[in-house]
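Engineer: Using my numbering, read the sequence shown as starting at 1 and increasing by one per residue.
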Amino acid sequence: MPATLHEHALFAGDPVLAGVHHLDLDIEPHAHDFLEIAVIGAGHGRHVTSQGEHPLRRGQVIVLRPGAWHGFRDCAGLTVANCCLSAQALRADLAALHDLPMLRRMLWTDPVASGTHGVAVTTADPAAAEEAIAEITLLERDLGAEQSRPGRVLGRLVTVLGILADGRDPGQQTIEPAVHPAVAATIARLEAAPAHPWRLDELARSINLDPTHLGRLFRRHVGLTPLGFLARLRAERAATLLAQSTLPAARVGAAVGWDDPTYFARRFRTLVGLTPTEYRRRSRSAARAQRGS
């Protein structure tokens, strides 16, 4: 079962982590409590997720939401460029990315609505993928500079995301309308209080809309129902608590709004691919390994 990588151990106070890796060895399945974008370059390998193993192709772009897991097998000269975003920063300093339709789809809608435990795999033009890998190389350099370069890091991040959004396979391109104000207001309410026992009629009443109309708007803009989005949000928050706190699993479930431990375990496994106990066990194993290294 996957170990868990933690932003508090990997991010050096920056909202972004970047690196370009050339793999000839397997990368064991691992989860994250941050968002990861992996751009596939030259070489060969297989991608391992909760949906099984699939051959990798040059130009693929893999996006994993916090709590999701994956790995790589049978790697031979495989280039993987990682651009990782802090989950905390996505709710604060980088929250504006959600306001851009093309980035909202890439970072939120596709992996959340995919039904694949928070993992989305799309394809970009190989030339765009190579350009993104080159920018990630420069981003890694900027992050490692002796003098802090927050402006340059943010600019480079937006450049990487823009290249990948523009370079999507034409068959995957859609014109996504700007988020409806009612949907934005609903998301804000859910993210501000995910543990609240929200009901669709309550959400609709708070923004003066009919529940059926709100449900249609939300599915059109987010790809999920409001309560489906809330479930994914709760699972991501629970993954962070399981990885970073000593709260009993039942208390973690209650903290995110799932008071029944059995229901919490079932929903978490459905959305993340692991039980809360398995997720925490692997998180602690990874933490011990990091301390020992």
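Even for Gly, the Cβ is constructed at its ideal location relative to N, Cα and C.
In the DSSP output, what is Cys83 paired with across the bridge?
Structural biologist: DSSP output for Cys83 lists Ala18, Ile37 as bridge partner(s).
Engineer: In angstroms with no decimal places, state the Cα-to-Cα distance between Pro66 and Thr4.
Structural biologist: Answer to the nearest angstrom: the Cα atoms are 10 Å apart.
Engineer: Going by the beta-carbon positions, is the gap between Ala120 and Asp110 smaller than 8 Å?
Structural biologist: Closer than 8 Å, so yes.
Engineer: Going by C-alpha distance, which of Leu94, Ala204, Asp99, Leu274 is nearest Glu236?
Structural biologist: Nearest option by C-alpha distance: Leu274.
Engineer: Do Ala182 and Leu217 have their beta-carbon atoms positioned less than 8 Å apart in this structure?
Structural biologist: It is a contact, given that the beta carbons lie within the stated cut-off.
Engineer: Is the CB-CB distance between Gly41 and Thr79 below 8 Å?
Structural biologist: In this structure, Thr79 lies closer than 8 Å to Gly41 by Cβ.
Engineer: Just to check, is the beta-carbon of Ala76 closer than 7 Å to a non-hydrogen atom of the ligand NAP?
Structural biologist: No copy of the ligand NAP appears in this structure; indeed no ligand is present at all.
Engineer: Starting from Gln244 and walking both ways along the alpha helix (DSSP H), at which residues does that stretch end?
Structural biologist: It spans 226-244 - the alpha helix (DSSP H) in which Gln244 sits, taken as one unbroken run.
Engineer: Using the C-alpha atoms, what's the distance from Arg73 back to Met1?
Structural biologist: At Met1, the pLDDT of 45 sits below 50, so the modelled position is not reliable and the matter cannot be decided from this model.
Engineer: Quick one: give me the first and last residue of the beta strand (DSSP E) that Asp74 is part of.
Structural biologist: Looking at the DSSP string, the run of the beta strand (DSSP E) that includes Asp74 is 69-76.
Engineer: Using DSSP bridges, identify the partner residues of His32.
Structural biologist: His32 pairs with Leu5.
Engineer: Taking three-plus beta-carbon pairs below 8 Å as touching, is the stretch 139-153 in contact with the stretch 247-261?
Structural biologist: Not touching, per the Cβ criterion.
Engineer: Under a Cβ-count criterion, where at least 16 other Cβ atoms within 10 Å of its own Cβ denotes burial, should Asp33 be classed as buried or exposed?
Structural biologist: Buried, since its Cβ has 16 or more Cβ neighbours within 10 Å.
Engineer: Just verifying my parser: in three-state terms, what is the DSSP assignment at Ala92?
Structural biologist: Reduced to three states, the DSSP call for Ala92 is coil.
Engineer: Do Thr225 and Arg219 have their C-beta atoms closer together than 8 Å?
Structural biologist: Closer than 8 Å, so yes.
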